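So for the sequence shown, the UniProt record's numbering puts the first residue at 1; every next one is plus one. Inspection log for the structure reproduced underneath, given as structure tokens.
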Amino acid sequence: MKALRHKKMVEKAKKDHPTKSLNCAFPFCFFCTMNEPDPFLRTFKITECFKEMPLRDDPESVLALSGLWNIAVTRPDNPEFPELGIFECMAKLIWRGIRDREWLFRDQNIYIPYYAAHIIGSYTMNRAQFAEIAVESGVIPPLMELLRGKISWVEQRVAIRALGHLASHERTFESVAKIGGETVELAMEIASTFVENVYTQFLCLKQRMKYQRNLLTRGLGGVEIENRKAEEWAIQTQCWSLYLINCFARKERHLNLICKTNFLKNLCGIWGGLINPEAPGGIGLMRTLCKTETGRKTVADLEEVLKSLCVLARSSDEWQIMAIECLLSLIKDPETRYRVLETSVFSLVDLVELETGSNQKRLKLGDALTRTLLQDYHKIKYGNEKLHSERVERALREIWDLKVEKKRKEKLMSEKEVKKRKLLMGILKKQGNHKFRNGEIEKAAMKYTEALNISLPKTRKQRLVLHSNRAQCFLLLRDPEAAISDTTRALCLSKQGSPHVRSLWRRSQAYDMMGLSKESLMDCLAFVSCRIKLKHKIPYYAARMINKQMNATWVFGSVKLRTLSRGQELVRESPMAECEDGRLLMRKMKEKKNGH
């Protein structure tokens, strides 16, 4: 399509300028340059093309930028363009778009700043030497202007991505850090408000800006695809913002800014995002902060954040291990240990038998938790010291009995005593089942508790079923917190890679009772995944739960409710907005500049 449009432009130019004898009417044309067979001549032409592009004023610039964007996305490690001046060219194009409004809104030039920033981000993603060339070419100042919102939210998105990649390399971090305070503040603001901005500036508008719609869908698809892509872009931008902040947190720069109370509370709602080590999401940033003294002191004083970490630690979320690592870092620090235990120990008790991960050092994560939680228990047990509240000491005593006392007693038991204990557990379980079927739910829970009290550490399978059965009793007794505790313990006792299916569904129901939609959804999805692996049908009740929780966890859901609760009348653009993108955007930028 681009080649066809270029061919028509060339034919028109030849017709308008018949005296020219060149094969192409445009000197150093990008498309003709790319077809140059002579490597030396091609190198010269590409260099001249990058020099000429910011100075030109013809429609081919958008086509060329679109072509360069495709190359940068598909071949980000190719050194040809970075070494021949593409970064300087992109920086100049962004500057021109910011400074020359008349040029920006002419033809399709409105697309150029977006493509230019995206190209910079793609080429600096993997290669430190490309990032150095980019910094030397002066890309940071124009990217910062886009980050400040000089054009619109779509350019902010690609600017934060590019700056994050530049800050991730050791060689170029300091160049970004020179303006680090403002960069961190802007990234924190974008992470906290970008979803709302996308909703108010795009999603809820009847007449959306045409160029933004085309960038979202590549010109294909209707409103439904636009909405889905807008949601995806909002989540990505949050993640890229946190990635940039994380680069500063790892260097322990501007921690006083990052550790602001309101921001850390907002961070609790941004756990999700891109699941990979290079895009840490909210929990990845929290883990980095918990490795610093300033971060630990701040997080330890925020009960809301600690509770969010505890909920995440007892979930089927991909980030579960990171939440546990955060809590471990806080409990290991003598300065924060006692404050954090008051909030977290009751959740961590349920995880002391957890075995997870493919990495050998994580196979016995429950043992690591046990050692950390009991590191000063001997002072309580043998020294008559009172280090914690009675509630915390009771929880620590439960861990001691399960992980130390019961194991010691089990080793001293004969095989006959072990068999007798297992037989008695079976009898109590049957009695509990009988009580449950007769509707005596409280008495059934008591029987399961009796069986668990005499259980042995080796009887993992039997204990798993007892915890899960008791959780069902607690669900019927409308005690979701107790049900979450028991189902979590049952899932920790499950085999690695094969979670107990009924416990997943029961915990999903318990989370639903507590209004924790995301956690309920994650458990329900895990439940359905297990059913599919076993080649069982997906139950209707599970499909209904997924539908309910997906609606509740819609990324723009809370923004919509907040907007409606404030009683704000959202601006609806005129029917002419689609064909007046330039004037509309210019008016918005003038209003922003004047403080309206």
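The beta carbon of each residue, even a glycine, is placed where N, CA and C say it ideally should be. All figures in this text were calculated on a predicted structure; none of them were measured in a lab.
Identify which residue in Arg101, Asp107, Gly121 has its Cα closest to the Cα of Ile86. Gly121
Assess contact between the stretch 252-267 and the stretch 223-234, defined as three or more Cβ pairs (one per stretch) separated by less than 8 Å. Is contact present? Taking a cut-off of 8 Å for Cβ pairs, the stretch 252-267 and the stretch 223-234 do not touch, as fewer than three such pairs fall below it.
Quick check: the stretch 444-460 against the stretch 411-428, are at least 3 beta-carbon pairs closer than 8 Å? yes
The alpha helix (DSSP H) that contains Phe426, what's its start and end? Note that residue 426 is Gly in the sequence shown here, rather than Phe. Gly426 -> alpha helix (DSSP H) spans 415-437.
Proximity to Leu163 [Cα-Cα], best of Arg171, Leu147, Ser468, Glu170: Leu147
Contact test: Ile86 Cβ vs the ligand ZN heavy atom, cutoff 6 Å: Among the components modelled here there is no ligand, and therefore nothing to report on the ligand ZN.
If we ignore side chains and look at the alpha-carbon of each, how far apart do residue 603 and Glu303 end up? In the structure as shown, the chain starts at 1 and stops at 596, and residue 603 therefore has no counterpart that could be examined.
Can you round the beta-carbon distance between Trp505 and Phe527 to whole angstroms, since I take them to be within the 8 Å contact cut? 5 Å
Contact between the stretch 98-114 and the stretch 56-70: three or more CB pairs below 8 Å? yes
Taking 7 Å as the limit between beta carbons, can you name the residues of its chain near Met125, skipping five residues before and five after? Pro76, His165
Which residue or residues does DSSP assign as beta-bridge partners of Ser316? Answer is none; Ser316 lacks a bridge partner.
Could you pull out every residue in the same chain whose Cβ sits closer than 7 Å to the Cβ of Arg253, ignoring the five residues on either side in sequence? Ala177, Gly180
Distance CB(Phe130)-CB(Pro54) smaller than 7 Å: no
Have a look at Ala134 and Thr172 and give me their C-alpha separation to the nearest angstrom. 9 Å
Alpha helix (DSSP H) segment containing Thr488, residue limits: Going by DSSP, Thr488 is part of the alpha helix (DSSP H) stretching over 480-492.
Helix, strand or coil at Lys495 according to DSSP, with G and I counted as helix: The answer is strand: DSSP assigns Lys495 an E or B state.
If Ser241 and Ile190 are in contact, beta carbons under 8 Å, what's the gap, nearest whole angstrom? 5 Å
Scan the stretch 492-531 and note each continuous alpha helix (DSSP H) run of 4 residues or more that stays entirely inside, going in chain order. 501-513
Spatial neighbours of Ser520 within its chain, please: CB distance less than 6 Å, with the 5 preceding and 5 following residues excluded, ordered by chain position. By the criterion of a C-beta distance shorter than 6 Å, Ser520 is surrounded in its chain by Ser508, Tyr511, Asp512, Gln549, once the five residues flanking it on both sides are discounted.
Taking His118 as part of the alpha helix (DSSP H), name the residues at either end of that continuous run. 112-123
Would DSSP call residue 682 helix, strand or coil? Outside the shown range of the chain (1 to 596) lies residue 682, about which nothing can therefore be said.
Using only the alpha-carbon positions, how far apart do Thr292 and Thr183 sit? 20 Å
Within 10 angstroms of the Cβ of Gly295, are there 16 or more other Cβ atoms? Answer buried if so, exposed if not. buried
What does the Cβ neighbour count give for Asn246, buried or exposed, with the cut at 16 atoms within 10 Å? buried
Where does Glu481 land, buried or exposed, given buried means 16+ other C-beta within 10 angstroms? By the neighbour-count criterion, in which 16 or more other beta carbons inside 10 Å mark a residue as buried, Glu481 falls on the exposed side.
On the DSSP letters alone, give me the boundaries of the alpha helix (DSSP H) that Thr336 sits inside. Where Thr336 is concerned, there is no enclosing alpha helix (DSSP H), given that its DSSP letter is neither H nor E.
Would you report the Cα separation of Ser175 and Thr33, rounded to the nearest angstrom? 33 Å
What separation, rounded to the nearest whole angstrom, lies between the Cα atoms of Ser192 and Leu351? Distance between the alpha carbons of Ser192 and Leu351 is about 31 Å.
CA-CA distance, Lys537 and Cys530? 10 Å
I need the boundaries of the alpha helix (DSSP H) containing Phe31, first residue and last residue. 30-34
Member of Ala116, Glu196, Leu205, Tyr199 whose CA lies at the smallest distance from the CA of Arg161: Ala116
Simplified DSSP state of Ser558, which is helix, strand or coil: helix
Please give the ranges of any alpha helix (DSSP H) in the stretch 242-317, keeping only runs that are unbroken, at least 4 residues long and fully inside the region. 255-258, 261-267, 281-290, 293-300, 303-313
Should Arg489 go down as buried or exposed, given a rule of 16 or more other Cβ atoms within 10 Å for buried? buried
Within the continuous alpha helix (DSSP H) that includes Asp367, where are the two ends? 365-373
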